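Trainee:
Residue numbers (the numbering used here), protein chains in the order written: chain A, 2 to 541; chain B, 2 to 541.
Structure follows, in structure tokens:
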């Protein structure tokens with residue numbers, strides 16, 4: 002049997018656009034002589050439409066579109082994902098379904114059993130759990146169709162009550178199909194392959210696995226669809242971070258493909274570039290703007306944006322104050338020249354002074370402090386947003402995960418932006434990204450990489466005045482935020498108790514800033530944003 | 002049997018503080034001769050601690066605190082709420098439990114069966130569902146202990162697979178206890194009473210219902226704990242929006258209390274005042290600041306804040322521009338005088354001009370437009386945040402739900418603030434609040450209520466230049482946002498198709514602004530924020 006794996010990049014709620022994309026791919030499958038073409042989970046509306054699923058007509062439109070696609074299911078079977086209505090008297094209103102289209106109609110519907118509801122997943126909010134375990138027949142083959150998490154019964158961190166495969170396997174299926182929307186993180190490809198391989202080995206069954214690719218605001222989907230044989234050997238693979246289309250023949254002997262994953266900095270780089278690209282393309286934006294401070298964070302974002310949407314579409318704005326070092330302006334200018342970006346230099350001294358004058362009735366005689374530091378960061382934001390409003394450039398946020406964690410950022414200042422490119426990248430990884438970007442030539446001036454990090458909001462300020470060394474800080478943050486360890490566990494792994502306490506305190510106190518942060522491209526397994534919901538008013 | 006209903010205002014994650022509060026109340030119950038004292042759902046950590054539940058040591062500390070409280074369970078039975086560990090091999094790691102404390106120990110644990118996972122609720126993210134239905138015995142009485150949603154099997158909008166009461170009733174309990182964290186909205190008290198009453202009537206059983214009171218950032222809990230007899234008559238009631246403590250005697254004859262709920266504007270007023278109060282008290286803040294434009298939104302927020310934290314703690318800042326009418330400043334000044342607030346007048350003309358000068362290299366020769374309007378709103382935000390940073394005042398946001406819906410707001414401008422007081426109040430309701438505040442005397446100058454709404458960001462601007470009439474706009478918004486109706490349904494109820502389309506388009510396009518909005522005090526059944534999760538990048 003010839004099976005086409007259609008790994009596509011859908012747009013959320015673009016039911017018409019997704020339908021057309023699906024039809025193009027299924028025609029290609031037909032031309033290739035495929036008997037079956039497989040699309041990913043919720044392919045008709047992209048994963049995940051979130052509360053649009055609460056709108057009845059949204060789901061109706063999805064189902065209607067699937068029916069239209071079904072008309073093309075002549076001489077070929079189509080498996081795709083759609084929300085469908087639960088017509089039973091009880092339970093949540095919807096199912097997360099795999100629709101099997103044959104002979105011009107929706108022939109079968111298989112619903113998802115294991116509904117992930119943790120981190121960025123919210124499926125129990127919308128979907129009822131499947132309890133009917135059936136296999137389907139296509140051209141004489143018995144196939145067990147599953148949806149994403151259905152193959153993830155055995156996870157360390159999360160356990161479901163039952164394993165749908167234990168039921169399905171009773172029908173002795175010839176192979177497994179899994180339609181997925183499995184999000185990317187730095188370690189995901191390896192983890193995912195192991196989980197899928199374990200299923201093939203345990204049940205001695207081949208697996209055809211189709212994942213979606215593309216980025217939906219903050220959540221990156223790599224793709225990396227694949228076929229694993231019944232001996233757990235990887236025998237066919239789609240590419241990551243792009244659309245792909247592959248034909249698999251069930252009766253052909255395939256050589257094993259060695260499992261490969263890029264080095265983690267390269268992977269992060271590619272995911273962030275893909276994230277920026279998708280954000281701009283799907284929103285219909287073309288031009289980006291960012292504040293270029295001469296520091297490493299904005300330099301890396303500027304380089305990533307240039308790779309994502311083209312150097313000619315990225316504008317850097319240098320906004321020196323009286324506290325900016327001469328070197329910063331020189332470095333920032335050099336960076337834009339290296340990248341081929343247009344740049345503007347708009348000094349903020351006069352604006353800063355005018356705020357001082359306006360506030361004189363209240364501030365007269367008081368010392369320079371946090372308020373004055375923040376006025377600078379916020380004045381820059383006003384300038385950037387004004388240019389954005391005037392010319393339609395989209396402001397990119399340049400904060401990193403370390404400063405977002407401890408609140409070493411100015412709300413409504415450097416925290417502004419439509420998209421946070423590096424809010425899930427710790428400072429130590431920002432350096433690695435800079436070196437990766439420079440691997441062939443000095444794109445980011447070495448002076449930017451080498452200088453001590455500084456916000457330059459008061460004379461001779463250094464990050465190290467307020468923060469511990471980033472190498473130590475990032476390790477503690479990673480344990481507290483990503484691994485969700487507590488004080489005692491972190492201290493036990495070799496850090497000073499007072500330091501850990503101080504850092505945890507900073508993270509907790511700054512929840513209010515992150516509450517108003519832009520969406521952050523997710524590259525770790527625990528990013529700020531929808532996957533981490535911490536109460537704002539609390540005593541923790 | 003004497004039963005104490007302890008309706009308390011807990012703080013999220015303040016395990017020690019909540020424990021102490023519980024001990025004070027249980028001692029009071031002992032002194033009153035009660036045999037049983039009942040606290041609300043998750044009382045030990047307050048509802049809801051959200052992802053703090055992912056931290057193992059957080060749950061361990063909760064369980065430890067419950068054990069300490071149990072030591073006081075001598076001569077009295079205590080029922081309180083806590084997360085507990087699911088020690089089974091499968092299923093989610095935690096239960097949402099009612100702990101029954103007797104003879105100095107945790108005698109029984111009853112787990113929650115129906116786990117709400119919709120709107121602001123996320124329980125399937127953390128908790129496994131109960132499947133063991135048992136009643137408990139206290140001094141010869143058989144009691145069915147349930148937790149909040151367990152009594153909400155029969156809702157229109159959401160259906161569970163089974164009703165735990167159908168199981169529990171087989172043991173012929175003498176009465177029902179329900180420990181709750183049932184959030185407030187304008188229609189909730191009536192809806193809640195009906196649901197609870199239906200349970201009493203269906204099973205001919207009395208109910209002792211204990212709800213938490215207090216506000217957790219955005220989510221308001223009214224309290225309104227109660228006892229309903231087996232004939233569905235309300236016979237005992239705690240007050241709303243405050244802590245309360247009542248004794249119920251099972252063998253005493255009670256007269257029926259007529260169901261009463263305040264008129265909706267008064268109710269909204271009280272909920273918002275309670276929301277501001279709780280935010281400040283729980284965060285340890287005392288002083289608020291806000292921009293006073295002379296318009297109705299900021300006037301109402303200023304009045305509400307004065308009632309919540311005291312007029313002496315509220316500072317108004319008047320920041321007129323060249324486009325501000327003379328009347329605005331006069332009105333704003335009068336308002337502060339009426340309320341007894343301190344105020345400052347800080348004109349923004351010079352700041353605005355300095356931005357113009359800074360941007361001259363880019364903007365020269367271009368027309369005044371949105372960018373310039375936004376510079377004004379953002380300059381005001383910079384001034385307010387500077388005063389906030391300098392003196393520790395907390396900035397209150399003054400946006401209303403109508404403008405938040407259609408994006409008639411400036412991100413990083415008037416959208417700034419630590420707490421949005423009226424982001425869940427439509428403009429037509431803002432007028433009602435103003436009139437309610439003025440019911441005894443003219444607190445808000447009538448000229449503020451009477452004038453046509455204007456952002457005053459360009460000459461002679463009126464809201465009606467860009468927006469339909471608020472009375473029409475709000476009806477359409479309410480159908481689209483609160484009732485989740487689609488275009489066709491809204492048009493069918495009598496609105497012009499092109500108008501509805503335009504408004505829906507505005508709502509959808511402005512998701513990105515709301516993504517970065519402050520937390521909003523929730524008074525409706527569908528507020529912006531955690532209860533409404535709409536994709537940002539989408540084609541809808």
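Yeah, the Cβ is synthetic: ideal placement off N, Cα and C, and Gly gets one too.
Remember, it's a predicted structure, so these values are computed and weren't measured experimentally.
Determine the closest residue to residue 479 of chain B out of B:442, B:524, B:427, B:506, with distance taken between C-alpha atoms.
Mentor: The shortest C-alpha separation from residue 479 of chain B is found at B:427.
Trainee: For residue 146 of chain B, write down the residues that DSSP places opposite it in a beta bridge.
Mentor: DSSP lists B:178 as partners of residue 146 of chain B.
Trainee: Taking 8 Å as the threshold, find out whether the segment 63 to 79 of chain A comes into contact with the segment 97 to 106 of chain A through three or more Cβ pairs.
Mentor: With the cut-off at 8 Å, the segment 63 to 79 of chain A and the segment 97 to 106 of chain A touch.
Trainee: Need the endpoints of the alpha helix (DSSP H) that residue 548 of chain B sits in, please.
Mentor: Lying outside 2 to 541, the shown extent of chain B, residue 548 of chain B is not represented and no answer is given.
Trainee: Ends of the beta strand (DSSP E) at residue 108 of chain B?
Mentor: Element bounds for residue 108 of chain B: 106 to 112.
Trainee: What residue range does the alpha helix (DSSP H) around residue 394 of chain A cover?
Mentor: From DSSP, residue 394 of chain A is part of no alpha helix (DSSP H); its letter is neither H nor E.
Trainee: Could you tell me the alpha carbon to alpha carbon distance between residue 517 of chain B and residue 277 of chain A, rounded to whole angstroms?
Mentor: Straight-line Cα distance between these residues: approximately 19 Å.
Trainee: Determine, using beta carbons only, whether residue 8 of chain B comes closer than 8 Å to chain A.
Mentor: No, no contact with chain A.
Trainee: Ends of the alpha helix (DSSP H) at residue 506 of chain B?
Mentor: First-last of the alpha helix (DSSP H) with residue 506 of chain B: 498 to 510.
Trainee: Just to confirm the assignment, what range does the beta strand (DSSP E) spanning residue 343 of chain B have?
Mentor: First-last of the beta strand (DSSP E) with residue 343 of chain B: 343 to 346.
Trainee: Residues of chain B with CB under 7 Å from residue 1 of chain A, in chain order?
Mentor: Any question about residue 1 of chain A goes unanswered here, given that chain A covers just 2 to 541.
Trainee: So what's residue 238 of chain A in DSSP terms, helix, strand or just coil?
Mentor: Strand.
Trainee: Using alpha carbons as the reference points, say which of B:97, B:445, B:175 lies closest to residue 142 of chain B.
Mentor: Of B:97, B:445, B:175, the residue nearest in Cα terms is B:175.
Trainee: Can you tell me whether residue 271 of chain B is helix, strand or coil according to DSSP?
Mentor: Helix.
Trainee: Taking only runs of the beta strand (DSSP E) that begin and end inside the segment 203 to 229 of chain A, which ones reach a length of at least 3 residues, in chain order?
Mentor: If we require 3 residues or more, the beta strand (DSSP E) runs fully inside the segment 203 to 229 of chain A come out as 208 to 212, 215 to 217, 220 to 222, 227 to 229.
Trainee: Rounded to whole angstroms, what's the CA-CA distance from residue 29 of chain A to residue 153 of chain A? Just pull it up for me.
Mentor: About 31 Å.
Trainee: Rounding to the nearest angstrom, what Cα-Cα distance links residue 225 of chain B and residue 188 of chain B in this structure?
Mentor: So the two alpha carbons sit approximately 13 Å from each other.
Trainee: Among B:387, B:290, B:409, whose alpha-carbon lies nearest the alpha-carbon of residue 314 of chain B?
Mentor: Considering only alpha carbons, the answer is B:290.
Trainee: Please list the residues of the segment 376 to 400 of chain A that have a C-beta atom closer than 7 Å to any C-beta atom in chain B, keeping them in chain order.
Mentor: Of all residues in the segment 376 to 400 of chain A, 376, 379, 380, 382, 383, 384, 386, 387, 388, 390, 391 have a Cβ within less than 7 Å of some Cβ in chain B.
Trainee: Are three or more beta carbon pairs between the segment 4 to 17 of chain A and the segment 209 to 227 of chain A nearer than 8 Å?
Mentor: Contact holds: three or more Cβ-Cβ distances are below 8 Å.
Trainee: Counting only runs of 4+ residues fully inside the segment 431 to 480 of chain A, write out the alpha helix (DSSP H) ranges in chain order.
Mentor: Counting whole runs of 4 or more residues, the segment 431 to 480 of chain A contains the alpha helix (DSSP H) stretches 447 to 451, 464 to 467, 471 to 478.
Trainee: Relative to the C-alpha of residue 460 of chain B, which residue among B:370, B:165, B:475 is closest?
Mentor: Looking at the Cα atoms, B:370 is the closest of the given residues.
Trainee: Could you work out which residue in A:256, A:243, A:222, A:247 is closest to residue 236 of chain A when comparing CA atoms only?
Mentor: Ranking A:256, A:243, A:222, A:247 by Cα distance to residue 236 of chain A puts A:256 first.
Trainee: Find out if the Cβ-Cβ distance for the pair residue 379 of chain A, residue 349 of chain A is shorter than 8 Å.
Mentor: Contact flag unset, no.
Trainee: Within 8 Å of any Cβ in chain A, is that where the Cβ of residue 284 of chain B sits?
Mentor: Yes - at least one Cβ of chain A is within 8 Å of the one on residue 284 of chain B.
Trainee: Could you name the residues of the segment 157 to 179 of chain B whose beta carbon sits closer than 8 Å to any beta carbon of chain A, in the order they occur along the chain?
Mentor: The segment 157 to 179 of chain B vs chain A, Cβ under 8 Å: 159, 160, 161, 162, 163.
Trainee: Residues of chain B with a CB under 7 Å from the CB of residue 119 of chain A: which are they?
Mentor: Under the 7 Å cutoff, chain B gives 126.
Trainee: Check whether the Cβ of residue 538 of chain A lies closer than 8 Å to any Cβ atom in chain B.
Mentor: Closer than 8 Å to some Cβ of chain B, the Cβ of residue 538 of chain A qualifies, so yes.
Trainee: Closer than 7 Å, Cβ to any Cβ of chain B: which residues of the segment 414 to 438 of chain A, in chain order?
Mentor: Residues 417, 419.
Trainee: Would you check if there are 3 or more beta carbon pairs closer than 8 Å linking the segment 290 to 304 of chain A to the segment 328 to 347 of chain A?
Mentor: Cβ pair count under 8 Å is three or more, so yes.
Trainee: Determine the extent of the beta strand (DSSP E) in which residue 318 of chain A is found, giving its start and end residues.
Mentor: 315 to 319 is the span of the beta strand (DSSP E), which, as asked, contains residue 318 of chain A.
Trainee: Would you call the segment 354 to 368 of chain B in contact with the segment 421 to 441 of chain B, where contact means no fewer than 3 C-beta pairs closer than 8 Å?
Mentor: Segments in contact, no.
Trainee: Helix, strand or coil for residue 186 of chain B per DSSP?
Mentor: Looking at residue 186 of chain B - three-state DSSP - the assignment turns out to be coil, as it is neither helix nor strand.
Trainee: State the beta-bridge partners of residue 310 of chain B as determined by DSSP.
Mentor: In DSSP, residue 310 of chain B forms no bridge with anything.
Trainee: In the DSSP assignment, find the unbroken beta strand (DSSP E) run with residue 85 of chain A in it and report its ends.
Mentor: Note, residue 85 of chain A: beta strand (DSSP E), 78 to 86.
Trainee: Starting from residue 485 of chain B, find everything on chain A with Cβ-Cβ shorter than 9 Å and list it in chain order.
Mentor: Those within 9 Å of residue 485 of chain B in chain A are 52, 55, 56, 57.
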